[in-house]
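Remarks on the structure that follows.
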Amino acid sequence: QSGPVKVGLMLPYSGTFTDLGKGVTNGFKLYVQEQGGKLGGRPVEYLQVDDESDPSKANENANKLVKRDKVDVMVGTIHSGVASTMAKVARETNTLLLVPNAGAGEITGAMCSPNVFRTSFSNWQPGYASGLLAAKKHKTAVTISWKYAAGDESVKGFREGFEKGGGKVLKDLNLPFPNVEFQPLLTELATIKPEAAYVFVAGAGQVKFVKDYAAAGLKNSIPLYGAFITEGTLAAQGDAAQGLQTVLHYGDGLKNPKNDAFIAAYTKAYGARPDVFAVQGYDAAQLYDAGLKAVKGDTKKKAEMIKAMENAKIDSPRGRLTFSKSHNPVQDYYVRVAKGTENVVTDTIVKALADPSPDCKIQ
Amino acid sequence: MHEPVLEARGLHSFYGDSHILHGVDFTLARGEAVGLMGRNGMGKSTLLKSLVGVVTPRRGEVVAFGRRTRGMKVHEIARLGISYVPEGRGIFANLSVRENLNMAARADADGRCDWTFERVLDVFPRLAERLGHGGQQLSGGEQQMLTIGRALMTNPQVLILDEATEGLAPLVAREIWRIIGVIRDTGIATILVDKNWRAVSDITDRNVILVKGRVVFEGSGGALRAQPELLSEHLGV
Amino acid sequence: MTNEVLLRTVKLRRTFGGLAANDRVSIELKRGEVHALLGPNGAGKSTLINLLSGDIPATSGEVFYCGRDITKLTPHERSLIGIGRSYQKTNIFPGFTVRENVRLAAQSREPRAARIFSDAAAFGPYCEVVDEALHLVRLAGVADRKASELSHGQQRQLELGIVLATKPRVLLLDEPLAGMGHEESLKMIELLRGLVASHAILLVEHDMDAVFAIADVLTVMVNGVVLITGTPQEIRASREVREAYLGAEEQQDA
Amino acid sequence: MDLALISIQTLNAVQYGLLLFLVASGLTLIFGVMGVINLAHGSFYMMGAYLAFTLTSLTGNLLFTIIVGTVLSALLGAVLEWALFSHLYKRDHLQQVLLTYGLILIFEEMRSMLVGDDVYSVKVPAWLDFAVPLGSVMTYPAYRLFMSVVCLLVALGLYLLIQRTNIGARIRAGASNRDMVQLLGINIDWLFRLVFSLGVGLAAFAGMINAPASTVSPGMGTQVLIVSFVVVIVGGIGSVWGALLASLLIAFADTFGKVFIPDYAGIAIYVVMAAILLWRPEGLFKS
Amino acid sequence: MVAVFLLALAGFPLLKQEFYSELVIRVMVLSMFALSLDLLVGYTGLISFGHAAWFGMGGYVFALLGTKYQLTNNLWLTLPAAMAVTAFFSFVVGLFVLRTRGMFFIMVTLAFAQIFYFFFHDVKALGGSSDGMNLRGKPVANIGEWVPFELTDVNTLYYFVLALMVALLLFMALLLRSPLGRALQGIRENEHRMEAIGFPVLRYKLAAFTIAGSFAGLAGYLFAVLNSSVNPEMLSWHQSADVLLMLILGGMGQLWGGVVGAFTFVLLQEVLSTYTKMWHLWLGIAIILLVLFLPGGVISIAQRVRGLWQRRPA
Ligand SMILES: Nc1ncnc2c1ncn2[C@@H]1O[C@H](COP(=O)(O)OP(=O)(O)OP(=O)(O)O)[C@@H](O)[C@H]1O
Ligand SMILES: Nc1ncnc2c1ncn2[C@@H]1O[C@H](COP(=O)(O)OP(=O)(O)OP(=O)(O)O)[C@@H](O)[C@H]1O
Ligand SMILES: [Mg+2]
Ligand SMILES: [Mg+2]
């Protein structure tokens, strides 16, 4: 086989998640570039589809790549609903799918499938790790999240982690997605007076939340925990975020040679510092490369390729990355502290954390 | 006679493909009152609309106060000193009576303000009782008073009343006729369309009868009355 | 039989805010009579018609139709039992052809709800009614024009045509002659005269020539209350009426 | 829940309500008074926020930014009215829906091209960067209180403009019968252009004022769109006080919805809206 | 013109382009959705901004029956059920919302749609999840032992949807010239006068609202079948706005307006997003140009062409 491998990138290039979509795309392409524009020894042809984060168009968009463009692999996406439709299409058509962000548990849970890999996280993972961290210092906590699947899953993870560490979640506060009027919840939080708070909101919401939290004077009285809460938005959050502790599988301030090189290359290529989304995109490319290399670029040998990917030990900017039986990342979770515009990694809270994925039936 | 303030020369007006006015010539001199008559659908309103620019004649021209109005916007023509009360009134339903009147207030070209809010209310005391009402809440006749009053608030040189007294009680209708007499004496020219040809011809200097978009008669009230066959043929009287 | 009372009101009252637009209005409309309703502008004539047709609900009082209390009925229910009205401010279907305007009115009498898939325009019984109504209001010649393209006077004729096509027994006409030319007015008066034998007609009109030409009974309202009801002679002779409404009209007619 | 808490939540609701009004104020003019269905309202709002971000990063002065930004936006509004909207007044209102939808797409793309897709924020000016203590653990940012005052001023100004001036009466008249207004010698084209640009200016103004308290982000426009329409409609089309009252009601529904019925908070404002409109089919204040 | 169009549609699957066949199915489904809305907007003058509620509900009925509760996957049961359920709910909602008019109606319909959106977003018993639900498969068309056709085959699904769309068009055409249809148009033109000449306007509007709701339910059902998934976004106001936009773009109050609008809208999106990255920008520009220069919607091109045709011999 000599022709190019067709890589279908189905990501949001418009709408609220545009930035994340671009981060993933950049990361992916950066790795390919580093390999001289090749994966598994074959040149790469990209086919990009803007999924608009609209699940009602997901089926069509995925089919556009699979049935029209006949891609060898799909990479996507951010929005969980869209991603789970992609997973469905992937399973139906036996197409390889790499999920570079969407954290919906079922993608590597109830809906898991041999040809679906995730290079990011399941919502449960960072929540759980955050819970472990919070439990180290606090006995009680309150969670705040948007009322949608990702929020529920993340909060569930936090609760598990927090309770495992001996803490107790007093109350789960939530507000409709994507409402950003947090004031009533902050007021309620202040009356409950827990020792800590955990929050899961995304994008512009996280910026506003962190600012509102500080403006309400809560930052010093009730320490705030979160996973993504400062990721990629530190500049916009300004002083409000300084000193915030978060837990994630990556931090731009993570010190390891791979990450240093990655940051340097990324900054050179795109003129901006990478965030976790770029890393997840980068690793998606790495993972696929590992699979392709094992079959010498012969995409027909699917089973072999999948086998290789399952066993891949990836040298990710985030550290060592392997995959669980359900094809979800097994990775370290770091404690990060916001300093300036960097999330400085201070500690590792849990090593090689895997999502138990009890509902997954591939063995 | 005085110089013409409003003049139409060979007007041809259309709605889409239907040809309504067929070369109408018409003049109105300063301070003159002219009655425009004709059966339903003969083109009276179309002529008036052509004069004020709502309908753009395809051929012919309109001259107002010595200026050709072709190419002018409706409001520019109105600003020359022409006030037009259309049939069906055109009350601003969402404005109160007071606002309906005040919004139109304007001095005439020479800066004179003969017609003020107070004077209009003097003429239509009924309106004074309804100042706070919305336009929609008025009775039909009250609306008619309001449009006439509103037209007067612009202190026009030319007042054009289409179906001037439609819906007005006899007493009020007579008041309108009287007012037209009064304003004519102050030098305002008027064009009147009204089904009551007798009342119209009593106070006008001249009358014009339209039939299918053509002028078939032009003359004084006396002349009109002297020709009953004209009346019966063109007005069905 | 001709003088049977079709529509009767008992102490009707309607207020708008503090204003009593109608107060203690009790009138009777009889078959075979043209009942003219006069009064200065804002006296409450249109309000009364609105109360009779159900367009606005009464504040208090009752309306009876053929002895039945219909105060609570909706406008369409009243229309269906035979009360038809026209509007002072033209109220037609401007975007439809003249024929369709009238045809819809005719259709209301026979909804044929069951026959969903039949062609309404080709239904014979409607067509007859439509042709007749168009003929009566002298619009047969422009039947296929769009209603909005009619002149003002023609629209007034159409206004009447729509009511007639609903085949009412009681006609409530709010200034039907307004906007119509002299000749058309005369024809309409003739038309109403022809209809009256089988109908009861309530006529609101400021055209005194027309009113005195056809009215059998006149009621004069002022400020929402009935001033007087009587024959044309009685009304003409009333000093109050002259002051409130007619003014010097007498002299002209005399 | 104790009284103190309820009163803080009430304060939250009032403050949020005033903010909603501010956001909807431009729409009150363009939609409520002129009758133009302007879906691009949110885009103008977003444009304001991005202007605030860009201009403050250049000049560092919020006040200056707001003045310049409002003027620029108003100019843009006038141009848009001249080029696009002025052709649609005589058409079916729904055509405006389509037109303004097209505008939304263009605005979003332009934003992405010019400023990118990052989330930004704008600094609160130093003289307002303090907080008022509230209860034992909480504080209330002074800037939010400042915004409330601004909002009340805007409400008052709008009310005076629309209800109390001749211009206001002419605009309202123009919305109900354009031709007749022209026949009275009033240049309705010019007037509408003015009002439209004022509406756009107000939308952008709201975006700018709100930027320091919120975020500057892609998609922020569509988020405020629906709630702005809700406010204008529930208040009764064209009524400034109605819109203000509606904003407060909606804010109360939202705030206390989140507190008392968190599981149903998402529909609280819609339930309130439906209830109000079923109770008063023409909004709170019928004009 | 119509015949050519339908023939082209009927022949399309012969090209054996599965993706494009599915695309056309999608457009046909959206056409039906727009068509159902046209009954309200174009013919009765009721501008609903919550029409997606019925669309989504139709899909969810299938999802709940077929996947969540696994009661039945039978086409002949689930499809009528979807239509009946949406008809029922639109009838009930209609009882409330039809009290309001104009802009107020727009917003009340939106409010109700948002409330339904919430149910399918948050209520677990209704499959509530922001991510929606993937379905167990296509409906089966078994009648007893007999299997007339298999919807799992793209071409079969294509012709099934095409047949339904044609049937719906036919139904609408007949309805619109029928007394009921005429009355609805009268209501759009002048509701007040309709009431005054004896039409129970509310009942007529309710009938229109229910019929339109149930057809939207049908469209939503097919949409779910096509995608093999449902999600709350099907009920979102974006979806309501999209279908309204399609209708306005195509031409309201025209039998073919909805169909033309759906085709134009989706094709514009497809073509632009294939050839340019800034496709939103071009889509926006295209829409604005269409509004400015085609006041009667895209369908008016057909009328203009026909106008030229007729004028030529004369
Ligand atoms: N908007 C329009 N479009 C098409 N034709 C029209 C339009 N308005 C009026 N017409 C036609 O033009 C002719 C003249 O109408 P016009 O309104 O000038 O008559 P008119 O003399 O004022 O009658 P009336 O006394 O009934 O008001 C009529 O035959 C009418 O049908
Ligand atoms: N909806 C309303 N709200 C408030 N006031 C109203 C309303 N409708 C009518 N009115 C008032 O009630 C009074 C009676 O109105 P109505 O229309 O019945 O008069 P009318 O006798 O028909 O007069 P006209 O001869 O001028 O038509 C008027 O003073 C009018 O201002
Ligand atoms: Mg006329
Ligand atoms: Mg009246």
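Sequence lines, in order, name chains R, F, B, U and E. With the first letter of the first sequence counted as 1, position 34 gets the number 34 in the working numbering; the numbers rise by one all the way through. With the first letter of the second sequence counted as 1, position 16 gets the number 379 in the working numbering; the numbers rise by one all the way through. With the first letter of the third sequence counted as 1, position 101 gets the number 701 in the working numbering; the numbers rise by one all the way through. With the first letter of the fourth sequence counted as 1, position 245 gets the number 1099 in the working numbering; the numbers rise by one all the way through. With the first letter of the fifth sequence counted as 1, position 116 gets the number 1257 in the working numbering; the numbers rise by one all the way through. Ideal Cβ placement from N, Cα and C applies to all residues, glycine included. Please read all numbers here as calculations on a predicted model, not as lab measurements.
Output needed in chain order: residues of the stretch 169 to 180 of chain R with a Cβ under 9 Å from some Cβ in chain E. Pro176 and Phe177
Since Gln949/U meets chain E, which of its residues come closer than 8 Å, beta carbon to beta carbon? Counted from its first residue, the fourth sequence places residue 949/U at position 95. Simply Ile1389, Val1432 and Pro1436.
Candidates Leu1205/E, Met1274/E and Ala1252/E: which alpha carbon is nearest Val1081/U's? In the fourth sequence, residue 1081/U corresponds to position 227, counting from 1. For the residues Leu1205/E, Met1274/E and Ala1252/E, the minimum Cα distance to Val1081/U belongs to Ala1252/E.
Using a Cβ-Cβ cutoff of less than 8 Å, which residues in the same chain neighbour His138/R once the five nearest sequence positions on both sides are dropped? Locating residue 138/R in the first sequence gives position 138, where the first residue counts as 1. Gly167, Pro194, Glu195, Ala196 and Pro223.
Suppose contacts are defined by Cβ-Cβ distances below 9 Å. Is Ala352/R in contact with Ala985/U by that definition? Here residue 352/R is taken as the residue at index 352 of the first sequence, counted from 1. Here residue 985/U is taken as the residue at index 131 of the fourth sequence, counted from 1. No, these two residues do not count as a Cβ contact at 9 Å.
Nonlocal neighbours in the same chain, by C-beta distance under 7 Å from Gln863/U, ignoring five residues either side: For the purposes of this step, residue 863/U is identified with residue 9 of the fourth sequence, where counting begins at 1. Same-chain partners within the cutoff: Thr1109, Phe1110 and Val1113.
I want to see whether chain F comes within less than 9 Å of Phe616/B, judged by CB atoms only; does it? Taking the third sequence and counting its residues from 1, one reaches residue 616/B at position 16. At least one chain F Cβ lies under 9 Å of Phe616/B.
Using three-state DSSP, classify Trp1095/U as helix, strand or coil. In the fourth sequence, residue 1095/U corresponds to position 241, counting from 1. Helix at Trp1095/U.
Segment contact, 8 Å Cβ cut-off, at least three pairs: the stretch 1033 to 1040 of chain U with the stretch 438 to 457 of chain F: yes
Short-range partners of chain U found in the stretch 14 to 33 of chain R, where Cβ spacing is below 8 Å: Ser14, Gly15, Thr16, Thr18, Asp19 and Lys22
What whole-angstrom Cβ distance do Ile1087/U and Gly1137/U have, given they're in contact under 8 Å? Your numbering for residue 1087/U matches position 233 in the fourth sequence. Your numbering for residue 1137/U matches position 283 in the fourth sequence. Correct: roughly 6 Å between the Cβ atoms.
Bounding residues of the beta strand (DSSP E) (the contiguous stretch that carries Asp388/F): Locating residue 388/F in the second sequence gives position 25, where the first residue counts as 1. Asp388/F -> beta strand (DSSP E) spans Ser381 to Ala392.
If we ignore side chains and look at the alpha-carbon of each, how far apart do Ala837/B and Glu843/B end up? The sequence position of residue 837/B within the third sequence is 237, counting from 1. The sequence position of residue 843/B within the third sequence is 243, counting from 1. Answer to the nearest angstrom: the Cα atoms are 11 Å apart.
Inter-residue Cα distance where the pair is Leu186/R and Gly226/R: For the purposes of this step, residue 186/R is identified with residue 186 of the first sequence, where counting begins at 1. For the purposes of this step, residue 226/R is identified with residue 226 of the first sequence, where counting begins at 1. C-alpha separation (whole angstroms): 15 Å.
Cβ neighbours of His385/F in the same chain (closer than 8 Å, five flanking residues each side left out): For the purposes of this step, residue 385/F is taken as residue 22 along the second sequence, with counting starting at 1. These residues qualify, in order along the chain: His375, Lys575, Gly576 and Arg577.
Separation of Leu883/U from Trp1095/U, as counted between CA atoms: The sequence position of residue 1095/U within the fourth sequence is 241, counting from 1. The sequence position of residue 883/U within the fourth sequence is 29, counting from 1. If you take the alpha carbons of Trp1095/U and Leu883/U, they lie about 13 Å apart.
Beta carbon proximity, Met1224/E to chain R, threshold 9 Å: Here residue 1224/E refers to the residue found at position 83 of the fifth sequence. No, no contact with chain R.
Cβ of Tyr378/F within 9 Å of any chain B Cβ: The residue given as residue 378/F occupies position 15 in the second sequence. Yes, its Cβ sits closer than 9 Å to a Cβ of chain B.
Taking a contact to mean a Cβ-Cβ separation below 9 Å, would you say Pro329/R touches Leu254/R in this structure? Position 329 of the first sequence holds residue 329/R. Position 254 of the first sequence holds residue 254/R. For Pro329/R and Leu254/R, no; Cβs fall outside 9 Å.
Name, please, each residue of chain R whose Cβ falls closer than 7 Å to the Cβ of Phe1160/E. As a position in the fifth sequence, residue 1160/E is number 19, starting the count at 1. By Cβ distance, chain R contributes Asn63, Lys64, Lys67 and Arg68.
Tell whether a beta-carbon distance below 9 Å holds between Gly131/R and Gly165/R. The residue labelled residue 131/R in the question sits at position 131 within the first sequence. The residue labelled residue 165/R in the question sits at position 165 within the first sequence. Going by C-beta atoms, Gly131/R is nearer than 9 Å to Gly165/R.
Going by C-alpha to C-alpha distance, which of Lys307/R, Val75/R and Leu189/R sits closest to Gly217/R? Here residue 217/R refers to the residue found at position 217 when the first sequence is read from its first residue. Checked all of Lys307/R, Val75/R and Leu189/R; the closest Cα to Gly217/R is Leu189/R.
Evaluate Asp774/B with the Cβ neighbour count: other Cβ atoms within 10 Å of its Cβ, from every protein chain shown; 16 or more gives buried, anything less gives exposed. The residue you call residue 774/B lines up with position 174 of the third sequence. Looking at its Cβ environment, which holds 16 or more other Cβ atoms inside 10 Å, Asp774/B is buried.
Confirm the yes/no value for this check: CB of Gly530/F, any heavy atom of ligand 4, distance under 8 Å. The residue labelled residue 530/F in the question sits at position 167 within the second sequence. Gly530/F: yes, Cβ under 8 Å from ligand 4.
Does any C-beta atom of chain E lie closer than 9 Å to the C-beta of Phe1083/U? Along the fourth sequence, one-based indexing puts residue 1083/U at 229. True, the Cβ-Cβ gap to chain E drops below 9 Å.
For Asp744/B, is the beta carbon positioned less than 8 Å from some heavy atom of ligand 1? Looking up residue 744/B in the third sequence gives position 144. Not under cutoff, so the answer is no.
Any contact of the stretch 304 to 323 of chain R with the stretch 204 to 212 of chain R, i.e. 3+ C-beta pairs under 8 Å? The stretch 304 to 323 of chain R vs the stretch 204 to 212 of chain R: no contact.
Let me know if Leu1212/E comes out buried or exposed under the rule of 16 or more other beta-carbons within 10 Å of its beta-carbon. As a first step, residue 1212/E must be located in the fifth sequence, where it is residue number 71. Exposed, since its Cβ has fewer than 16 Cβ neighbours within 10 Å.
Would you list, in chain order, the members of the stretch 1026 to 1039 of chain U that have their beta-carbon closer than 7 Å to a beta-carbon of chain F? Arg1026, Ala1027, Ser1030, Asn1031, Asp1033, Met1034, Gln1036, Leu1037, Leu1038 and Gly1039
State the beta-bridge partners of Pro176/R as determined by DSSP. The residue you call residue 176/R lines up with position 176 of the first sequence. Note: Pro176/R sits in a beta bridge opposite Lys147/R.
Compute the Euclidean distance between the alpha carbons of Ala1337/E and Ser653/B, then round it to the nearest angstrom. The residue given as residue 1337/E occupies position 196 in the fifth sequence. The residue given as residue 653/B occupies position 53 in the third sequence. One C-alpha to the other measures close to 8 Å.
I need the DSSP call for Phe1139/U, collapsed to helix, strand or coil. Here the question's residue 1139/U lines up with position 285 in the fourth sequence. Coil.
Taking only heavy atoms of ligand 2 into account, decide whether any of them is closer than 8 Å to the Cβ of Ala621/B. For the purposes of this step, residue 621/B is taken as residue 21 along the third sequence, with counting starting at 1. Result yes, Cβ under 8 Å from ligand 2.
List the DSSP bridge partners of Val142/R. Sequence index remark: in the first sequence, residue 142/R carries index 142 (1-based). In the DSSP assignment, Val142/R is bridged to Lys171/R and Ala197/R.
Please name the residue, chosen from Asn457/F, Ala472/F and Asp473/F, that lies closest to Met466/F on a Cα-to-Cα basis. In the second sequence, the residue the question calls residue 466/F occupies position 103. Closest by C-alpha distance to Met466/F, out of Asn457/F, Ala472/F and Asp473/F, is Asn457/F.
Quick one: grab the DSSP three-state call for Leu1171/E. Indexing the fifth sequence from 1 puts residue 1171/E at position 30. In this structure, Leu1171/E counts as helix in the three-state DSSP scheme.
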